[in-house]
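Novice: Sequence lines, in order, name chains A and B.
Counting along the first sequence from 1, when you hit position 91 you're at 96 in the working numbering, and nothing is skipped either side.
Counting along the second sequence from 1, when you hit position 70 you're at 75 in the working numbering, and nothing is skipped either side.
Please read through the structure below; I'll follow up with questions.
Number of protein chains: 2
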Amino acid sequence: MDKTLLEKFKDTLHTNGMKCTPARLLIFKEVYSSSEHFDADEIYFRMRREKKAVSRATVYRTLDLLVENGFVSRVNVGASQVHFENTLAQEHHEHLVCTQCGKIIEFSDKVIEKQQNLICEEHDFFPTKHNLIIFGLCDKCRKRNN
Amino acid sequence: MDKTLLEKFKDTLHTNGMKCTPARLLIFKEVYSSSEHFDADEIYFRMRREKKAVSRATVYRTLDLLVENGFVSRVNVGASQVHFENTLAQEHHEHLVCTQCGKIIEFSDKVIEKQQNLICEEHDFFPTKHNLIIFGLCDKCRKRNN
DNA sequence: ACTGTAATTGAAACTCATTCTCATTTAGAA
DNA sequence: TTCTAAATGAGAATGAGTTTCAATTACAGT
Ligand SMILES: [Mn+2]
Ligand SMILES: [Mn+2]
Ligand SMILES: [Zn+2]
Ligand SMILES: [Zn+2]
């Protein structure tokens, strides 16, 4: 976890008149401790296990805060809970989700992005965000199935 | 609502050993009474208003049944409830969703579909389903905003 | 048409993720 | 150090959807 990033987070808190609390810093660090996708409860339980417990409410509240400030993004992986990922190294990308083992493959594609813009123009639509998710079977699961 | 379609539904029920009940037929007709996207509770309340009340549980159960048999598909429009649409006239398509007025524009695009397949091949991934949703502002809302 | 029975239904209880409430604590400005 | 608005934690509340189960019903077999 990049040191300057933590500073950037602290700056964000400061310039928005929000308090720089232990709970927020711990959650921030937890979120940036891996580059996997995660949900709120995963963070909650990882933190308790590591004896850095904060309340569920605070986890949810802080994740919202991180999303609003671009440190984390919400990811749709077809699950019943909202999933997240930190925005450390990754540029904008989409996901392939294996419906058998849950493996997630990330990709980004210029052709698709460009085509989306064309479509929006055609419909006089101003795009702000998009979400492409492809469900299927990863190589291993396909082989395993036979 | 096409007559042969109702027959097709009845056939499906029959060949799957399921009973052809009034509740199921009413829900089926309600679902095919418009081509808008809808959620379970919309169906539930429309039916009560029209004095064709069935229980919420039956609405949910029947919608699942309709999805499993291809009469209805689940649609992600970024809402907190699951949305559906009947599969009457539409081929497979994606959605532009106006985040201001809720307007939904449908589109389908060969280039994107083809590109998705290429990407899946590259990752040795066997796609079964996908979902593309573009959020933004429709023409009217953009103008209205200024 | 009548029966028997397994499928279906409705009502209400339940689940589970997330949000809200509110009394208590605390960061940080003065 | 003091003061106060912001933040926190515990648990209650919410809301979509699912499950349970006793009562009803479609319909296959007679
Ligand atoms: Mn990702
Ligand atoms: Mn549609
Ligand atoms: Zn897999
Ligand atoms: Zn609009």
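C-beta: ideal position from N, C-alpha, C; glycine also.
This structure is a prediction, so every number in the text was calculated from the model and none was measured.
Nearest by alpha-carbon distance to B:Lys-119: which of A:Gly-22, A:Ile-139 and A:Cys-125 is it?
Specialist: Measuring from the Cα of B:Lys-119, the nearest candidate turns out to be A:Ile-139.
Novice: Residues of chain B with CB closer than 9 Å to the CB of A:Lys-56, please, in chain order.
Specialist: Residues of chain B passing the Cβ test: none, with the nearest at roughly 34 Å.
Novice: Are the CB atoms of B:Phe-76 and A:Arg-147 nearer to each other than 8 Å?
Specialist: no
Novice: Does DSSP put B:Leu-10 in a helix, in a strand, or in coil?
Specialist: Reduced to three states, the DSSP call for B:Leu-10 is helix.
Novice: Kindly indicate if chain B contains any beta-carbon less than 8 Å away from that of A:Gly-75.
Specialist: no
Novice: Could you say if the segment 65–82 of chain A and the segment 41–53 of chain A meet the contact criterion of at least three C-beta pairs nearer than 8 Å?
Specialist: yes
Novice: Using three-state DSSP, classify B:His-42 as helix, strand or coil.
Specialist: coil
Novice: Can you give me the C-alpha to C-alpha distance between A:Ser-40 and A:Leu-93, rounded to a whole angstrom?
Specialist: 8 Å
Novice: Give me the pocket residues for ligand 1, defined as CB within less than 7 Å of any heavy atom, sorted by chain position.
Specialist: A:His-42, A:Val-80, A:Glu-90, A:Gln-95, A:His-98, A:His-100, A:Ile-109 and A:Glu-111
Novice: Under three-state DSSP, which class holds A:Lys-108?
Specialist: coil
Novice: From the DSSP output, in three-state form, read off B:Lys-57 for me.
Specialist: coil
Novice: Confirm, please, whether the CB-CB distance from A:Arg-51 to A:Glu-73 is below 8 Å.
Specialist: No, they are not a contact pair.
Novice: Report yes if the C-beta of A:Cys-146 is less than 7 Å from at least one heavy atom of ligand 3; otherwise report no.
Specialist: yes
Novice: Out of curiosity, what's the CA-to-CA distance linking B:Asn-136 and A:Val-102?
Specialist: Cα to Cα, B:Asn-136 sits roughly 11 Å from A:Val-102.
Novice: Let me confirm a value: A:Arg-29 is counted as buried when at least 16 other C-beta atoms fall within 10 Å, else exposed. Which label applies?
Specialist: buried
Novice: Who does B:Ile-117 pair with in a DSSP beta bridge?
Specialist: Per DSSP, none; premise fails for B:Ile-117.
Novice: When you check each C-beta in the segment 127–147 of chain B against every C-beta of chain A, which residues fall closer than 7 Å?
Specialist: Hits within the stretch, in order: His-128, Asp-129, Phe-130, Phe-131, Pro-132, Thr-133, Lys-134, His-135, Asn-136, Leu-137, Ile-138, Ile-139, Phe-140, Gly-141, Leu-142, Cys-143, Asp-144 and Arg-147.
Novice: In chain order, what residues of the same chain lie with their CB nearer than 6 Å to the CB of A:Ile-110, ignoring the 5 residues before and after it?
Specialist: Result list for A:Ile-110: Leu-101, in chain order.
Novice: Could you give the first and the last residue of the continuous alpha helix (DSSP H) run that contains A:Lys-148?
Specialist: 144–149
Novice: Is the beta carbon of B:Cys-125 within less than 7 Å of some heavy atom of ligand 3?
Specialist: no
Novice: I'd like to know if A:Leu-68 contacts chain B, where contact means its C-beta is closer than 8 Å to some C-beta of that chain.
Specialist: Not an interface residue.
Novice: With a threshold of 16 other CB atoms inside 10 Å of the CB of B:His-88, please say whether the residue is buried or exposed.
Specialist: buried
Novice: What are the partner residues of B:Phe-33, as DSSP defines its beta bridges?
Specialist: B:Phe-33 pairs with nothing; no bridge assigned.
Novice: Note down the Cα distance separating A:Cys-125 from B:Phe-112, rounded to an integer number of angstroms.
Specialist: 10 Å
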